[in-house]
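Residue numbers (this note's numbering): 1049 to 1295.
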């Protein structure tokens, strides 16, 4: 059963009716908040049937992500409704092929938006969660997103993307890998450094590394570092991960 377009919204996103099985197969966005297992248990125990989720649309995004070979592939993921979709997946797993005809034809509402890249996904996610401000100060992924957004705004331009979506190659750096490291190192916690100040400091440190490398004898610089100099990007060559820590 194909998805059915219902209307187009003012921000360019589209409202669809999507088969439940098709929705359950869509992965959750990498930058989403960490799943609250307590909330998941409560939701699972109080929802008699996932068809009740049709009262509130799920939000999904589409964007192009770079692959290891340098090509781009369109990714689709859920940015709002991750706990509900986990309940849906559990229901599907528990019931196997025992669905009745009514459930086989069951559809859920989905708002789908195309984004230019991960940075736009972060902004869209924040708009969707403006009523949950406290989580932006507590959830490691959401805190990391604030600092990551500031880094992308500082390093990326329309003509030059140094922090890239997907599985990029050196001298560039993967946004997803960077986010994972920021979460692991608790970037943004126990610090008075704002996201903008953080991005400004790292941009300055990166510029200094570039300038130091430019002053070296070119015969002593490896081919991959020369490629980094040409691209004016050494993010993928930065030693260790201490450089991403907040101060």
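Using N, Cα and C, we set each Cβ at its ideal position, and we do this for glycine too. This one's a predicted model, so the numbers in the text were calculated from it and none came from an experiment.
How many Å lie between residue i and residue j at the Cα?
i            : j            : result
residue 1182 : residue 1091 : For residue 1182, the pLDDT reaches just 46, beneath the cut-off of 50, and the residue's location in the model is therefore unreliable, leaving the point undetermined.
residue 1195 : residue 1206 : 20 Å
residue 1081 : residue 1274 : 38 Å
residue 1076 : residue 1118 : 24 Å
residue 1104 : residue 1056 : 17 Å
residue 1109 : residue 1126 : 7 Å
residue 1177 : residue 1201 : 21 Å
residue 1271 : residue 1248 : 28 Å
residue 1280 : residue 1060 : 35 Å
residue 1085 : residue 1121 : 32 Å
residue 1066 : residue 1154 : 8 Å
residue 1174 : residue 1100 : 25 Å
For residue i, I'd like the list of residues in its chain whose CB is within less than 6 Å of its CB, leaving aside the five on either flank, ordered along the chain.
i            : result
residue 1078 : 1224
residue 1193 : 1079 and 1170
residue 1166 : 1213 and 1223
residue 1188 : 1231
What does a CB cutoff of less than 7 Å around residue i pick up in its chain, not counting 5 residues either side in sequence?
i            : result
residue 1116 : 1215 and 1217
residue 1087 : 1131
residue 1098 : 1068, 1135, 1136 and 1139
residue 1113 : 1120, 1121, 1123, 1213 and 1214
Based on the DSSP output, what are the partners of residue i in its beta bridges?
i            : result
residue 1158 : 1064 and 1106
residue 1126 : 1076 and 1108
Using a Cβ-Cβ cut-off of 8 Å (strictly less than) and excluding sequence neighbours within five positions of residue i, which residues of its own chain qualify?
i            : result
residue 1292 : 1226, 1229, 1230, 1233, 1235 and 1250
residue 1053 : 1062, 1063 and 1064
- Message: If we require 4 or more residues per run, which alpha helix (DSSP H) segments fall completely within the region 1195 to 1239?
- Response: Whole alpha helix (DSSP H) segments, 4+ residues: 1223 to 1232.
- Item | Segment contact flag, the region 1209 to 1224 with the region 1278 to 1294, C-beta cutoff 8 Å, min 3 pairs | A contact is defined here as three or more CB-CB pairs under 8 Å, and the region 1209 to 1224 meets this definition with respect to the region 1278 to 1294.
- Message: To test your reading of the DSSP string, which unbroken beta strand (DSSP E) runs of 3 or more residues are found completely within the region 1051 to 1122?
- Response: Listed in chain order, they are 1052 to 1056, 1062 to 1067 and 1106 to 1114.
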